[in-house]
Amino acid sequence: MQEFLSSLLKNSSFGAWDVVLAAVVLVCGWVASGWARRGVVAALSKWSGLGPNVTNTTARLVRYAVLLLTVGIVLTVLGAPLQPVLAAVIIVGVVAFLALRGIAANFGAGFVIQARHPVRIGDSIEVEGVAGRIVEMTGRSVLLRTSEGKTIRIPNTMLLEYPLWNVSESGAVRSEVRARIHGAADLDVVCPAVLDAVASVPDRAATDPEVFLHTLTPAWADVSVRFWSPYDDREVARSAVVRAVAASLAGAGLTCSVSSDAPRFLTALVDAVD
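Its first residue numbered 0, the sequence shown is counted upward by one per residue in numbering that gives the first Met the number 0.
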């Protein structure tokens with residue numbers, strides 16, 4: 000074995016001291032990569048804006064960069080030409096960028112999200128028609144739990160590239176209920192009755208409701224009431240307002256059709272009744 004190693008070193012372009020130096024550089028680079036990883040973790044942990052996932056991923060990337068630099072130095076010490084080594088490093092970097100650019104983009108977006116806090120765990124958000132409550136945030140995606148019980152992963156880049164609605168920032172959402180009163184309606188009776196009905200609903204925000212007149216004819220009148228409620232209670236609040244408005248108008252001696260759906264549903268319902 001010794002004769003084989005001696006023959007290998009004798010026929011190579013580098014000497015024994017080059018091998019020793021390369022080994023020392025390799026060991027130092029390995030130790031330095033561990034120190035760099037621990038240093039990055041310690042530095043980023045003091046920054047409360049970053050979560051553990053982003054911190055650990057950043058630390059691993061720094062360690063890999065130090066190890067890659069160490070390999071390049073070792074090859075140079077062993078006599079490898081510098082230009083091919085740089086070319087190989089560039090090629091590997093380009094290939095890694097092309098292969099991991101989606102992951103890198105989501106990681107960068109996750110870094111920005113956890114640093115600027117546009118959303119937090121527990122927030123109810125809506126982006127690109129997907130709505131739900133955030134239950135987990137990672138370096139690449141955000142995990143949403145929808146009201147139907149579905150679990151959806153949203154890439155971090157979507158939270159930065161598309162319009163984002165964070166319902167938890169306002170604490171309440173606006174809903175609308177429409178009513179069609181049959182016959183000649185007295186608005187002085189209709190509007191107070193609608194407002195009193197909404198005020199009696201418990202599952203809504205403190206913002207005062209509003210009543211709007213849309214259509215007024217001798218045969219019917221269309222009105223709508225807008226009110227605010229907590230996001231999680233919006234369906235319950237709409238249902239309660241529909242029942243309260245219908246009961247209030249019926250108590251006032253008015254025949255009506257009440258719905259929280261689109262106005263065309265009301266039209267079809269009234270046509271069927273007529």
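Using N, Cα and C, we set each Cβ at its ideal position, and we do this for glycine too. Keep in mind it's a predicted model, so treat the numbers as computed, not measured.
Residue environment for I89: exposed (fewer than 16 other C-beta atoms within 10 angstroms of its C-beta). A Cβ-Cβ contact shorter than 9 Å links V188 with L253. In the DSSP assignment, W164 is bridged to E125.
Counting only unbroken stretches of 3 or more residues, the beta strand (DSSP E) elements lying wholly within the region 154-210 are 163-165 and 172-181, in sequence order. Beta-bridge annotation (DSSP): T150 is paired with R144. DSSP, read as helix, strand or coil, puts L253 in coil.
For A130, the closest of L143, L68 and A58 by C-alpha to C-alpha distance is L143. Of the other Cβ atoms in all chains shown, fewer than 16 fall within 10 Å of the Cβ of V19; this residue is therefore exposed. The residues V210, V224 and V244, in chain order, have a CB closer than 6 Å to that of V193 in the same chain once the five nearest residues on each side in sequence are set aside. Within its own chain, the residues whose Cβ lies closer than 7 Å to the Cβ of A31, once the five positions on either side in sequence are excluded, are V65, listed in chain order. Take L159, set aside five residues on each side of it, and the residues of its chain with a beta-carbon closer than 7 Å to its own are A108 and V111, in chain order. Within the model, the alpha-carbon separation for R36 versus I153 is close to 29 Å. DSSP, read as helix, strand or coil, puts D221 in strand. DSSP places T216 outside both helix and strand once states are collapsed to three, so it counts as coil.
A distance below 8 Å between beta-carbons, with the five flanking residues on each side excluded, links P217 to the following residues of its chain, in chain order: A183.
A residue is called buried once 16 or more other Cβ atoms fall within 10 Å of its Cβ, and G28 is buried on that count.
In the DSSP secondary-structure assignment, E135 is bridged to L142. Looking at R242, D185 and R139, the one whose alpha-carbon comes closest to that of L212 is D185. Rounded to whole angstroms, the Cβ separation of S174 and F226 is 6 Å, and the two are in contact under 8 Å. By the neighbour-count criterion, in which a residue is buried when 16 or more other Cβ atoms sit within 10 angstroms of its Cβ, R115 is exposed. Distance from A246 to R203 at the Cβ level is roughly 16 Å; contact not present, criterion being Cβ atoms closer than 8 Å.
Linking L74 to A21 through their CA atoms gives a straight-line distance of about 8 Å. Put simply, of A178, R62, T214 and A171 the residue whose alpha carbon is nearest the alpha carbon of T206 is A171.
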